[in-house]
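Just below is one structure, and these are the notes that go with it.
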Amino acid sequence: MGGRNPVTWLGSPAFPKAAHEALANTQLRRNLRKATTTIRAKRAEVVSEMADWERLRRAGEAIKDDVLANLDTYLVRLEEAVTARGGVVHWARDAEEANQIVLDLIRAEGTDEVVKVKSMATAEIGLNEALQASGVNAIETDLAELIVQLGEDRPSHILVPAIHRNRAEIREIFSRRMTEKPASDEPKDLAEAARKYLRRKFLSAKVAISGANFAVADTGSIVVVESEGNGRMCLTLPETLITVMGIEKLVPTWQDLEVFLQLLPRSSTAERMNPYTSVWMGVTPGDGPQKFHLVLLDNGRTATLADKVGRQALRCIRCSACLNVCPVYERTGGHSYGSVYPGPIGAILAPQLVGDMHDKQAASLPYASSLCGACFEVCPVRINIPEVLTHLRAEAVEAKGKRTPEALAMAAAAWVFADPKRYEATQKAGSLSRFLARDGWIKRIPGPGAKWTDSRNAPAVPKESFRTWWRRNRVERS
Amino acid sequence: MSGPRVALFATCLTDTLYPDTAKDVVRLLERLGCEVDFPLGQTCCGQMHFNTGYRDHARKLAESYADVFAEYDYVVAPSGSCSAMVRDIHPDLCGTGPAVEHTYELSEFIIDVLGVEDVGAYFPHRVTYHPTCHSLRMLGVGDRPLRLLRAVRGLELVELPLAEQCCGFGGTFALKNSETSTAMLADKMRNVLDTGAQVLCAGDNSCLMHIGGGLSRLKTGVQTVHLASILASTEEEPWAAATR
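Taken in order, these protein sequences are the chains called A and B. Counted the way our numbering counts, the first sequence spans residues 1 to 478. Counted the way our numbering counts, the second sequence spans residues 1001 to 1244.
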């Protein structure tokens, strides 16, 4: 137990530095602009068809808030339901415990190769890496996850983890790693190569590992939604199925799914309904996996739940609508966030799961936003991401203490604003900057202000502020 | 008989860097029959401190705002962002009260309170409008600024492509993540230039300072003008391009 939380990647630089590299990547910029612009328009279209979209969002929010407020009750109910239907429930406090549980279960089956359904929870805990270190080969079967895995790369989007790759790069990766190489870089040929590669794995694997989109506490039903059908293969063919699920993925009743199965596909893939929805309850004799294990993962969630403002991040259903509308994500891509959870949701979820604002990389994430609010507008469960961002910024400031140059500058500004006379005197002093200006603009500010003038002119402070003008013309004359 | 008693909340940025905008708000509101005061006790709404994570400083500024503006019928700010700070955030910091409840962004005040869309303005230029994020998503001003602009004589309004995308200012974001901010600015400027407009209008001088700083650096010849200055401009006293 213990150790660092792998939700953020070891060695990742703080956001501004990581973004510096990403912004220079012309291929990434082009891919992301195209992909996000397309998905944004499609999402807007399928959402506009729904007259009751706002009510659905409020329902999604209310159901998840109830789950979070009564998590202890619902988790126990889920455990009972899964156990009653022949499943085995395991509890994992953190990544290390969860990885060990999964490894032990795989070893008990006497295999060293497993197939995987796309899953954020297992990516969060670095399961593949942990298994590999113990000699178990975990094969991603989601096409985009496979591209990331074979490219020895990292995911850059929650739903489309290889969004940063183009088809020429994918062909190169497949050609290098597969015995039957793709015939061309046409999507059809790339998919065919992946299909051949994966079919063999599906047929030989004894164990599959999945995540869960939802788990119904009442019935013990586990739900996975997907587009390709590769997940369905994993969920039905192997003898043993191990599902790793964050403890917040619950819904209380079967009926509640109705809300989320409308919200999720429209928000994530901009589809009215996703092609494959798999639901299973424990074990069914003679049909599908005959052993089912459910690993319930905490990994920072209970600590997040304790935070009144921050806990709303646990409503997230991993749709990635916030990534797709985010103007920061569109330009920096996902790797800049240094976590399996990039974009606006990553900026509030990853630092909370890490749980340590002294971690410079994690503490930089809440600042990776202009607070434009586009994320909150599209979030299907109404997570007020800007609210949580400023809340976490306050925590980051608290952790850094009062002696940083920024804290001193902020204290100085507050001191000036605290007294209107002092403020007016500061305006007068500042107006001397107009002598540095040409045509009313300052082209270069020394010191930290250079970050402004590197790309933008700065307005000179005019000779007379409005308040001085007002006092001279309206107060003293009357 | 006098009109409603209106306090101008100039905002620290406009007071200090864009005094002409504040003068234009006074001119406009007086033309529309308001009695305008500028309480000299005002300074800053605390948004910079709040958004950067310095809540204690922000709380003191919010308390001071509540005191300074408590006695007015209306408080009007030429800023969507600062109005949103007051209405959305101040209640969390120090509770609500008359100052918070009577605060309006300029276009809201003109349309919702004064009930006017045609303010009698004249502005014979090709203009495009950038809806600032906080006016759009926090305040929900909707198309009010556009309705006001459409009624301005001589003004040719051209639609800004991808208008609702953030310009990249974001307060201290522009410094802390200056390169990402600049990448966002570049796309905003491209969209502005695509319109062929000579003037970019918005309801927030903060965003205009950022976009205008980029447009002038690149010598694009496009001016940034606050909504208040367009609405204040008349045939008798037309807007004059500033030196910068």
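Beta carbons are placed, not taken as given, at the ideal position from N, Cα and C, and that holds for glycine. The structure displayed is predicted, hence computed values, not measured ones.
Between residue 420 of chain A and residue 1069 of chain B, the alpha-carbon positions lie close to 14 Å from each other.
The beta carbon of residue 20 of chain A sits closer than 8 Å to some beta carbon of chain B. Chain A has a Cβ within less than 8 Å of the Cβ of residue 1168 of chain B. With 16 or more neighbouring CB atoms inside 10 Å of its own CB, residue 299 of chain A falls in the buried class.
Take residue 84 of chain A, set aside five residues on each side of it, and the residues of its chain with a beta-carbon closer than 8 Å to its own are 220 and 282, in chain order. With fewer than 16 other CB atoms across the displayed protein chains lying within 10 angstroms of its CB, residue 52 of chain A is exposed.
A contact is defined here as three or more CB-CB pairs under 8 Å, and the segment 102-121 of chain A meets this definition with respect to the segment 231-249 of chain A.
Here residue 175 of chain A is exposed. Its C-beta has fewer than 16 other C-beta atoms within 10 Å. Neighbours of residue 1023 of chain B across chain A, judged by C-beta separation under 8 Å: 466 and 469.
Non-local beta-carbon contacts of residue 75 of chain A in its own chain, meaning distances under 8 Å to residues more than five positions away in sequence, involve 217, 247, 250 and 296 in chain order.
Chain A has no Cβ within less than 8 Å of the Cβ of residue 1144 of chain B. Collapsing the DSSP output to three states places residue 70 of chain A in coil. Its chain contains no residue whose beta carbon lies nearer than 8 Å to that of residue 54 of chain A once the 5 sequence neighbours on both sides are disregarded. Residue 1165 of chain B has a beta carbon lying within less than 8 Å of a beta carbon in chain A.
For residue 384 of chain A, none of the residues of chain B pass the 8 Å Cβ criterion, the least Cβ distance being about 10 Å. Per the DSSP secondary-structure output, residue 1035 of chain B pairs in a beta bridge with B:1005. Secondary structure within the segment 19-51 of chain A: the alpha helix (DSSP H) runs of 4 or more consecutive residues, fully enclosed, are 26-48 (chain order). In this structure, residue 307 of chain A sits away from residue 361 of chain A, with a CB-CB distance that is not shorter than 8 Å. Going by C-alpha positions, residue 124 of chain A is about 22 Å away from residue 260 of chain A.
Among the residues of the segment 41-54 of chain A, none has a Cβ less than 9 Å away from any Cβ of chain B. In the three-state scheme derived from DSSP, where H, G and I count as helix and E and B as strand, residue 1090 of chain B is classed as helix.
For the segment 1054-1086 of chain B, the beta-carbon criterion of a distance under 8 Å to any beta-carbon of chain A is satisfied by 1054, 1055, 1057, 1060, 1061 and 1064.
Those residues of the segment 379-404 of chain A placed with their C-beta closer than 7 Å to a C-beta in chain B are 390, 393, 394, 396 and 397, ordered along the chain. Look at the segment 1111-1166 of chain B and you find these whole runs of beta strand (DSSP E), each 3 residues long or longer: 1126-1129 and 1156-1158. Assignment of beta-bridge partners to residue 255 of chain A by DSSP yields no partner.
Residue 204 of chain A and residue 1192 of chain B have their C-alpha atoms some 57 Å from each other.
Here the segment 1089-1097 of chain B does not lie against the segment 1114-1125 of chain B, with fewer than 3 beta-carbon pairs under 8 Å apart.
A direct Cα-Cα distance of roughly 8 Å separates residue 1077 of chain B from residue 1103 of chain B. Taking a C-beta distance under 8 Å as the contact criterion, residue 235 of chain A and residue 224 of chain A qualify as a contact pair. For residue 1060 of chain B, the enclosing alpha helix (DSSP H) begins and ends at 1055-1068.
Contact of residue 1204 of chain B with chain A by beta-carbon distance below 8 Å is absent, the smallest such distance being about 12 Å. The C-beta distance from residue 322 of chain A to residue 1166 of chain B rounds to 14 Å, too long to fall under 8 Å, and the pair is not in contact. A direct Cα-Cα distance of roughly 55 Å separates residue 1135 of chain B from residue 104 of chain A. Among the residues of the segment 195-219 of chain A, none has a Cβ less than 9 Å away from any Cβ of chain B. In this structure, the alpha-carbon of residue 314 of chain A lies about 26 Å from that of residue 19 of chain A. Taking C-beta separations shorter than 8 Å and ignoring five residues to either side along the sequence, the partners of residue 33 of chain A in its chain run 330, following chain order.
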